[in-house]
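Okay, structure first, notes after.
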Amino acid sequence: MPISFDLTQDQKELQTLAAKFAREEMAPRAAEADKKGHFPEEVYRKAWELGLMNLNVATEYGGAGLPLLEQCIITEELAAACGGMTTSILANCLALQPINLAGTPEQKERVLRPFCGKYGLASFGLTEPSGGTDAAALKTRAEKKGDHYVLNGQKCFITNAPQASLYTIFATLDPAKRDKGITAFIVPRDSPGLSIGKEEDKMGQRASSTATVLLEDVEVSKENLLGKEGEGFRIAMQTLDSTRTPIGALAVGIARAALEQAAKYSLQRTSFGKPIAQHQAVAAKIANMTIELEASRLLTWRSAWLVDQGHRASLESSIAKCFSSDSAMRICDEAIQIFGGYGYMRDYPVEKYLRDAKLCQIYEGANEIQRQVIAREFLKRFG
Ligand code: COS
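Adding 545 to a residue's 1-based position in the sequence shown gives its number in the numbering used here.
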């Protein structure tokens, strides 16, 4: 397909739908949800009603069946209203992608279709208290016993864990095998032995919920094994290859909101007899923020396009996620600086953008590990 930067009519309609939902349903609740750490389930329910959840699940199983580029277009619009709510909406895509990738037609029919047919939340369980970066070293054990597996361990920092009805859990059959022992499972919420631990009180993205998932002798039938034994690591990595790009789009949305607020403020606020936007120091900030925002969006869209063409995009998705989230932090920081003292106050929206953007540098693989992936993938070209 030739490269085009024109959005199609369908893409524009999706963008308009997401922008309207973000403006009418998310933005009015964002400050309050942030302040109270409130999980606005009514917003997520409406997102599902409008078809703005389960974006990556095929339509035959009740999802929106959208390419990654469309998912990124929607994500940017939502995140411009609230980063935390967008994370909770996107968490379903992350949790369901292992089933999209490795589920059998029977599993998709049995699990995805009823799940997507009504409002519901799902969680992705890879990270553990002892670490999230070295994913091959995870400690949650899976033991095979007859026709089922028994899971024991803990998953932490799990988005939507308290409200989810479905979890995709990664556990090891043999820690000595590192990545080759890791196996993926579909685990329903009502599985005996599965419980939810402490809910985290976060710095930002406070409209999303984050908690520990405790697994104590949780029996999982062999029908809920995803892929084959030992394939879990590859399934997790392939999942992240496609879900890191929307994190780039989420960072773009937050950064765009910060830049727009700062631009408007710089035109209204006067000092030395003229709008501060006319002072070179402020204009240069606006210019740099604009450059970084445009570059972030282009990297994100290119990565999404590559995935949509069927290419492995480990390099590009890590670049998109890493650059967009680092840029978002700089853009939000400069937005606060342009607002001056007001920017530091909770009465104005910009300090929330900074707190929300910070998580984009950490989750779905900290940017340090993205740089490792980028370097490794790039160096492969030289032997
Ligand atoms: N797609 C397909 N296969 C992949 C892959 C990918 N993106 N990445 C790795 N693999 C395969 C490798 O090819 C290798 O297979 P073979 O041994 O058959 O060749 C296997 O998986 C092990 O890969 P590797 O040797 O790279 O494993 P490492 O332990 O060195 O993994 C990284 C390092 C950084 C890639 C991994 O630990 C990682 O991504 N960590 C971050 C995890 C993360 O994002 N956590 C956040 C959780 S979600 S909030």
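Backbone N, C-alpha and C define an ideal beta-carbon position, used for all residues, glycine too.
Alpha carbon to alpha carbon, how far is residue j from residue i? Give it in angstroms, no decimals.
i, j, result
"residue 649", "residue 714", "17 Å"
"residue 766", "residue 560", "41 Å"
"residue 774", "residue 581", "42 Å"
"residue 711", "residue 671", "14 Å"
"residue 862", "residue 853", "12 Å"
"residue 832", "residue 873", "14 Å"
"residue 826", "residue 820", "12 Å"
"residue 887", "residue 809", "14 Å"
"residue 890", "residue 657", "44 Å"
"residue 697", "residue 925", "37 Å"
"residue 707", "residue 754", "7 Å"
"residue 764", "residue 829", "59 Å"
"residue 822", "residue 811", "5 Å"
"residue 609", "residue 571", "20 Å"
Find the nearest neighbour of residue i within the set the options, judged by alpha-carbon distance.
i, options, result
"residue 785", "674, 885, 734, 636", "636"
"residue 759", "728, 732, 922", "732"
"residue 899", "697, 886, 870, 664", "870"
"residue 883", "814, 734, 716", "814"
"residue 675", "702, 842, 652, 897", "702"
"residue 752", "858, 589, 926, 890", "589"
"residue 894", "881, 856, 609", "881"
"residue 729", "783, 750, 599, 551", "783"
"residue 557", "617, 643, 747, 806", "617"
"residue 914", "655, 679, 604, 601", "679"
"residue 619", "583, 846, 769", "846"
"residue 842", "571, 792, 686", "792"
"residue 569", "781, 595, 583", "595"
"residue 840", "644, 631, 796", "796"
"residue 652", "547, 922, 772, 794", "772"
"residue 586", "605, 664, 724, 735", "664"
"residue 868", "592, 824, 857, 848", "848"
"residue 659", "579, 578, 908, 602", "602"
"residue 549", "576, 584, 835, 614", "614"
"residue 879", "723, 835, 856, 857", "835"
Report the CB separation of residue i from residue j in whole angstroms; it is logged as a contact under 8 Å.
i, j, result
"residue 704", "residue 633", "7 Å"
"residue 778", "residue 741", "Their Cβ separation, rounded to whole angstroms, is 25 Å, which puts residue 778 and residue 741 out of contact at 8 Å."
"residue 866", "residue 790", "7 Å"
"residue 762", "residue 738", "5 Å"
"residue 668", "residue 647", "Between residue 647 and residue 668 the Cβ distance is about 17 Å, and since that is not below 8 Å, they are no contact."
"residue 673", "residue 683", "5 Å"
"residue 642", "residue 788", "6 Å"
"residue 804", "residue 838", "6 Å"
Can you give me the Cβ contacts of residue i inside the same chain, cut-off strictly under 6 Å, excluding the 5 residues immediately before and after it?
i, result
"residue 662", "607"
"residue 612", "853"
"residue 694", "687, 765"
"residue 523", "Within the shown structure, residues of the chain are numbered from 546 to 928, placing residue 523 beyond reach of any answer."
Looking only at its chain, what residues have a beta carbon closer than 7 Å to the beta carbon of residue i, apart from the 5 residues adjacent to it on each side?
i, result
"residue 622", "560, 563, 564, 567, 798"
"residue 906", "870, 871, 874, 912"
"residue 802", "625, 898"
"residue 901", "628, 629, 749, 750, 799"
"residue 743", "756, 757"
"residue 922", "859, 860"
Leaving aside the five residues before and after residue i along the sequence, list all residues of the same chain whose C-beta is less than 8 Å from its C-beta, in chain order.
i, result
"residue 918", "859, 860, 863, 910"
"residue 781", "643, 671, 680, 715, 727, 729"
Of all the beta strand (DSSP E) runs that stay within the bounds of the stretch 676 to 743, which reach a length of 3 or more residues? Within the stretch 676 to 743, the complete beta strand (DSSP E) runs of at least 3 residues are 686 to 690, 693 to 704, 711 to 717, 727 to 733.
Would you list, in sequence order, the uninterrupted alpha helix (DSSP H) runs of no fewer than 4 residues that lie entirely inside the stretch 813 to 878? 825 to 853
Sequence ranges, alpha helix (DSSP H) only - wholly within the stretch 743 to 823, length at least 4: Fully enclosed alpha helix (DSSP H) runs of 4 or longer: 777 to 813.
Continuous alpha helix (DSSP H) assignments of at least 4 residues falling wholly in the stretch 546 to 601: 554 to 566, 572 to 581, 586 to 594
Mind listing, in chain order, the continuous alpha helix (DSSP H) runs of no fewer than 4 residues lying wholly within the stretch 615 to 677? 628 to 647, 658 to 662
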